[in-house]
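Chemist: Protein chains in written order, with the working numbering: chain A, 1415 to 1529; chain B, 6 to 114. Here it is, the structure, as structure tokens.
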């Protein structure tokens, strides 16, 4: 079956640094990938929709200059948390599908801790 | 905006019991997903439904489009079924999902 690979699984960084998270679809092409964030004991929240070859679409309240999304190819989307702060500490997870209304495949998630 | 309500929020049951988790929503959708999230955070898509019923092993998912309601059933539950089960709505097109708050299920041996 389809697999989505997300890397790294966890990262600890100092406040003010930038962190890049990669999401790869391993055996299918994904024109659209989604990035979600989940705070402890909270539900998943969609952050942005990553579109190959065009700008990402951000949800209301998500700062596009802070959470940079690059979907440079049909198999790779990256999320960069710029100038990370402790309040950015969260679980970030991506998903992808072969097409609209197709089954979604999720990455394994990235636990970000900003000190 | 689609409102998603899942119930129960928490459920503890004994091994072997029949489990039902419910999901209701307010606006018509193109599809509904049932997801399973394990303690480590990883998420697995269990079902994607747009109508009727689907079965996979001990898991059964149903959806009633008219009533805007879906259920996830687990037969002969097992401790390894312990996880958070999340209902997520797809509105159509390439939009991301709207998630329910999840049901934290614990199956005791």
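The beta carbon of each residue, even a glycine, is placed where N, CA and C say it ideally should be.
If the criterion is Cβ atoms closer than 7 Å, does the pair residue 76/B and residue 112/B meet it?
Modeler: Here residue 76/B corresponds to residue number 71 of the second chain, with the count starting at 1. Here residue 112/B corresponds to residue number 107 of the second chain, with the count starting at 1. Not in contact: residue 76/B and residue 112/B (Cβ atoms no closer than 7 Å).
Chemist: Let me check understanding here. Comparing Cα to Cα, which of 43/B, 7/B, 29/B and 46/B lies closest to residue 67/B?
Modeler: As a first step, residue 67/B must be located in the second chain, where it is residue number 62. Checked all of 43/B, 7/B, 29/B and 46/B; the closest Cα to residue 67/B is 29/B.
Chemist: In this structure, does DSSP put residue 1438/A in helix, strand or coil?
Modeler: Reading the first chain from its first residue, position 24 is the one you call residue 1438/A. Here residue 1438/A sits in strand by DSSP.
Chemist: Under the three-state reduction of DSSP, which class applies to residue 1501/A: helix, strand or coil?
Modeler: Position 87 of the first chain holds residue 1501/A. Three-state result, residue 1501/A: helix.
Chemist: I'd like to know if residue 116/B contacts chain A, where contact means its C-beta is closer than 7 Å to some C-beta of that chain.
Modeler: No information on residue 116/B is available, as it lies outside the stretch 6 to 114 that chain B covers here.
Chemist: If you measure beta-carbon to beta-carbon, which residues of the segment 1495-1508 of chain A are closer than 8 Å to chain B?
Modeler: Listed by position, the residues of the segment 1495-1508 of chain A near chain B (Cβ gap below 8 Å) are 1505 and 1507.
Chemist: Quick one, which residues of the segment 36-61 of chain B are near chain A if we go by CB-CB under 9 Å, in chain order?
Modeler: Here the close residues are 36, 38, 40, 42, 45, 46, 47, 48, 49, 50, 52, 53 and 55.
Chemist: Hey, residue 103/B and residue 94/B are a contact pair by Cβ (cut 8 Å); roughly how many whole angstroms apart?
Modeler: By 1-based counting over the second chain, the position of residue 103/B is 98. By 1-based counting over the second chain, the position of residue 94/B is 89. Rounded, the Cβ-Cβ distance is 5 Å, consistent with contact.
Chemist: Looking at the C-beta of residue 1488/A, does it have a partner C-beta in chain B at a distance below 7 Å?
Modeler: Residue numbering aside, residue 1488/A sits at position 74 when the first chain is read from its first letter. No - not a single Cβ of chain B is within 7 Å of the one on residue 1488/A.
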